[in-house]
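Chains as they are written, first to last, in my numbering: chain A, 234 to 570; chain B, 36 to 385.
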């Protein structure tokens with residue numbers, strides 16, 4: 234891992250029960266035979282002990298171990314001894330400073346868990362007012378640490394995978410939205426495939442489009458039909474166009490365990506006129522979306538674009554993505570190779 | 036041990052008949068090895084020698100293994116999260132009688148196959164291969180992303196070839212993605228998980244159940260045997276890598292550190308003793324065992340990085356191999372640690 238991708242200090246914000254804002258700051262220095270994690274909370278050693286325990290347990294879910302670094306975590310505000318909502322912020326600050334997770338801004342996180350060693354985030358107690366959409370809440374929104382990169386929880390009975398797609402609104406509000414497909418085995422086969430797919434919170438047009446795309450792509454798969462009950466959720470349903478469909482279809486394939494798994498997030502844009510044949514067609518807005526994806530790309534991410542964009546992409550785009558640790562493919566059809 | 040001269044052993048004969056199909060290698064002490072197999076005699080200290088001739092004679096503490104070069108077909112699941120997507124690998128084991136130096140597969144037989152086992156079945160070996168490929172994919176030395184394009188697939192194939200050659204001494208003749216939907220049902224797997232979760236939630240958890248013992252208790256002695264035998268071999272292969280200009284000092288320091296880790300392993304204290312005649316408590320013994328197993332994990336990572344280095348060169352992965360050796364040093368030091376090494380808890384200071 235090159236040093237540029239790892240900051241020497243990182244922080245994560247949280248909100249205490251009495252409404253005060255608190256920041257967990259993590260710094261990294263050579264370990265030199267010291268403890269791997271140190272925590273400093275002025276005047277509250279039991280909170281520091283709990284923080285060390287939480288961070289060490291959460292590290293057990295990572296694959297990469299580096300004994301050369303010592304991480305020092307500190308709290309600028311002292312939480313009450315029974316409070317636990319800061320635990321997620323401590324875990325995220327520890328991951329940010331070691332380069333195990335990337336976030337373009339300073340994240341705001343609330344969440345606690347009884348089983349950090351499994352990567353589970355059980356819930357959160359308080360709510361942060363006025364931060365809707367900008368806060369990571371443990372529990373329903375972030376049930377598992379792997380969900381930060383869209384991966385399914387290896388212990389959950391519902392396989393839920395997220396994929397990201399660029400939402401282009403002409404400038405400063407461009408962002409990556411996500412689509413999450415959760416699948417669970419279907420108890421009574423024999424229904425129409427489209428009746429087993431629910432899209433809560435979406436209007437009838439979007440719901441119909443999602444159902445048609447998923448049913449078509451499962452037909453292409455060969456083993457997808459008649460086996461699953463599915464729920465599709467979007468981070469944001471107020472968008473136009475169907476460039477989300479490639480991300481949707483890939484998230485569905487990953488959730489059903491039918492495709493290779495990216496190490497980081499899957500970022501895709503593209504649509505199709507015939508999902509039942511597995512083809513990928515081009516979409517609008519190449520320049521702006523490519524620019525946005527390049528800004529947001531992090532280590533391990535996989536970027537999937539339509540094959541027609543290969544000539545339209547700016548020169549050196551693939552190398553720029555590769556320098557950020559992401560990989561790019563311009564595809565004409567989905568499938569294993 | 037044979038006290039009563041030669042007697043035909045039915046189990047041994049059945050084992051030898053399965054070689055090349057269900058078994059890769061089998062113990063053949065005192066028996067005539069089947070045609071087409073190579074015979075390796077492994078001493079108790081891990082030294083190996085090849086044996087030729089009609090019958091194998093072993094000395095005290097030695098075990099004779101005969102192994103079949105194959106070909107074998109293995110199906111692995113490269114991602115734990117995608118159980119219906121598999122890779123089918125066809126491979127043969129390197130068998131070059133003329134070569135003087137030890138084959139990697141011979142080192143595998145000597146170090147990883149325990150003395151109590153009497154055969155290496157293909158499924159168990161496939162699990163090892165799967166673990167090696169999964170580790171490389173998680174660690175980033177191999178890349179197999181969704182919608183792999185042809186160039187990426189060729190790079191992956193080359194990486195798998197090198198990894199399995201470096202780690203097990205296999206030559207991969209073919210490797211293809213396969214649909215495991217016939218044998219694996221992800222839906223049934225999820226249902227089983229749901230039932231397991233319900234069983235935990237449903238009835239009241241009566242007592243604080245004792246922590247269940249793992250299926251096969253991991254073994255400190257086996258871990259140390261692997262470190263003892265494989266660290267010198269890993270260092271020897273790192274030593275012969277072609278070096279770019281200016282990498283000499285880093286390479287030399289790396290080899291020195293690996294030699295020091297080797298010395299630490301060679302002089303490792305016994306698991307159950309703090310000092311002669313002074314026993315170590317069970318909790319610290321568990322700590323020592325887990326440190327030894329973690330060190331073996333770092334060793335496996337070292338083989339993966341070596342395989343990647345053979346392809347991309349030393350300079351690309353210097354930081355990665357530095358990390359692996361640092362991890363080895365850390366875990367081996369934890370294996371040696373005695374209670375005096377853990378000082379009393381003090382307030383953390385910056």
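Where is the CB? At the ideal position from N, CA and C, for every residue including glycine.
Please read these numbers as outputs of a predicted model, since none were measured by experiment.
Proximity below 8 Å, CB of residue i to CB of residue j
{"i": "residue 449/A", "j": "residue 397/A", "result": "no"}
{"i": "residue 540/A", "j": "residue 563/A", "result": "yes"}
{"i": "residue 259/B", "j": "residue 349/B", "result": "no"}
{"i": "residue 442/A", "j": "residue 475/A", "result": "yes"}
{"i": "residue 139/B", "j": "residue 204/B", "result": "yes"}
{"i": "residue 466/A", "j": "residue 413/A", "result": "yes"}
{"i": "residue 360/B", "j": "residue 293/B", "result": "yes"}
{"i": "residue 479/A", "j": "residue 501/A", "result": "yes"}
{"i": "residue 341/A", "j": "residue 367/A", "result": "yes"}
{"i": "residue 367/B", "j": "residue 309/B", "result": "no"}
{"i": "residue 385/A", "j": "residue 231/B", "result": "no"}
{"i": "residue 504/A", "j": "residue 516/A", "result": "yes"}
{"i": "residue 99/B", "j": "residue 126/B", "result": "no"}
Any C-beta of chain B under 8 Å from that of residue i
{"i": "residue 490/A", "result": "yes"}
{"i": "residue 390/A", "result": "yes"}
{"i": "residue 349/A", "result": "no"}
{"i": "residue 385/A", "result": "yes"}
{"i": "residue 244/A", "result": "no"}
{"i": "residue 560/A", "result": "yes"}
{"i": "residue 483/A", "result": "yes"}
{"i": "residue 308/A", "result": "no"}
{"i": "residue 334/A", "result": "no"}
{"i": "residue 234/A", "result": "Confidence in residue 234/A is poor, its pLDDT being 49 and thus under 50, which makes the residue's placement unreliable; the coordinate value appears in the next sentence. Yes - at least one Cβ of chain B is within 8 Å of the one on residue 234/A."}
{"i": "residue 567/A", "result": "yes"}
{"i": "residue 564/A", "result": "yes"}
Residues bridged to residue i [DSSP beta-bridge criterion]
{"i": "residue 186/B", "result": "In DSSP, residue 186/B forms no bridge with anything."}
{"i": "residue 367/A", "result": "DSSP output for residue 367/A lists no bridge partner at all."}
{"i": "residue 205/B", "result": "128/B"}
{"i": "residue 272/A", "result": "306/A"}
{"i": "residue 82/B", "result": "DSSP lists no partner for residue 82/B."}
{"i": "residue 571/A", "result": "Outside the shown range of chain A (234 to 570) lies residue 571/A, about which nothing can therefore be said."}
{"i": "residue 405/A", "result": "For residue 405/A, which the question treats as bridged, DSSP gives no partner whatsoever."}
{"i": "residue 245/A", "result": "257/A"}
{"i": "residue 100/B", "result": "62/B, 75/B"}
Short CB-CB distance (under 8 Å) between residue i and chain A
{"i": "residue 335/B", "result": "no"}
{"i": "residue 221/B", "result": "yes"}
{"i": "residue 281/B", "result": "no"}
{"i": "residue 216/B", "result": "yes"}
{"i": "residue 83/B", "result": "no"}
{"i": "residue 184/B", "result": "yes"}
{"i": "residue 226/B", "result": "yes"}
{"i": "residue 270/B", "result": "no"}
{"i": "residue 181/B", "result": "yes"}
{"i": "residue 246/B", "result": "With a pLDDT of 34 at residue 246/B, under the threshold of 50, the modelled position of this residue cannot be trusted; read the value that follows with caution. Taking Cβ atoms only, chain A never reaches closer than 8 Å to residue 246/B, which makes this a no."}
{"i": "residue 174/B", "result": "yes"}
Under the three-state DSSP convention, the category residue i falls into
{"i": "residue 243/B", "result": "Caution is warranted here: a pLDDT of 38 is assigned to residue 243/B, below 50, making its placement in the model unreliable, and the coordinate value is therefore given only provisionally. Residue 243/B falls in the coil class under three-state DSSP."}
{"i": "residue 91/B", "result": "coil"}
{"i": "residue 461/A", "result": "strand"}
{"i": "residue 248/B", "result": "Because residue 248/B sits at a pLDDT of 31, beneath the cut-off of 50, its placement in the model cannot be relied upon, and the following sentence gives the value as read from the coordinates. Correct three-state label for residue 248/B: coil."}
{"i": "residue 264/A", "result": "coil"}
{"i": "residue 293/A", "result": "coil"}
{"i": "residue 452/A", "result": "helix"}
{"i": "residue 559/A", "result": "coil"}
{"i": "residue 21/B", "result": "There is simply no residue 21/B to check, as chain B begins at 36 and stops at 385 in what is shown."}
{"i": "residue 181/B", "result": "coil"}
{"i": "residue 477/A", "result": "coil"}
{"i": "residue 315/A", "result": "coil"}
{"i": "residue 282/A", "result": "helix"}
{"i": "residue 63/B", "result": "coil"}
{"i": "residue 467/A", "result": "strand"}
{"i": "residue 215/A", "result": "No information on residue 215/A is available, as it lies outside the stretch 234 to 570 that chain A covers here."}
{"i": "residue 472/A", "result": "coil"}
Distance cut-off 7 Å: residue i Cβ against heavy atoms of the ligand NAP
{"i": "residue 567/A", "result": "What this structure holds is no ligand at all, so the ligand NAP is not there to describe."}
Contacting positions in the stretch 91–118 of chain B - beta carbon closer than 8 Å to chain A:
113, 114, 115, 116, 117, 118
Give me the subset of the stretch 261–284 of chain A whose CB atoms are less than 7 Å from a CB atom of chain B, sorted by chain position.
271, 272, 273, 278, 281
Taking only beta carbons into account, state which residues of the stretch 347–379 of chain B come closer than 7 Å to chain A, listed in chain order.
354, 358, 361, 362, 365
Using a Cβ-Cβ cutoff of 7 Å, what residues of the stretch 288–309 of chain A are near chain B? List them in chain order.
296, 297, 298, 299, 300, 301, 305
Could you run through the stretch 491–504 of chain A and flag, in chain order, every residue whose CB is less than 7 Å away from some CB of chain B?
491, 492, 493, 494, 495, 496, 499
Using a beta-carbon distance cut-off of less than 7 Å, what residues from the stretch 402–436 of chain A approach chain B?
417, 418
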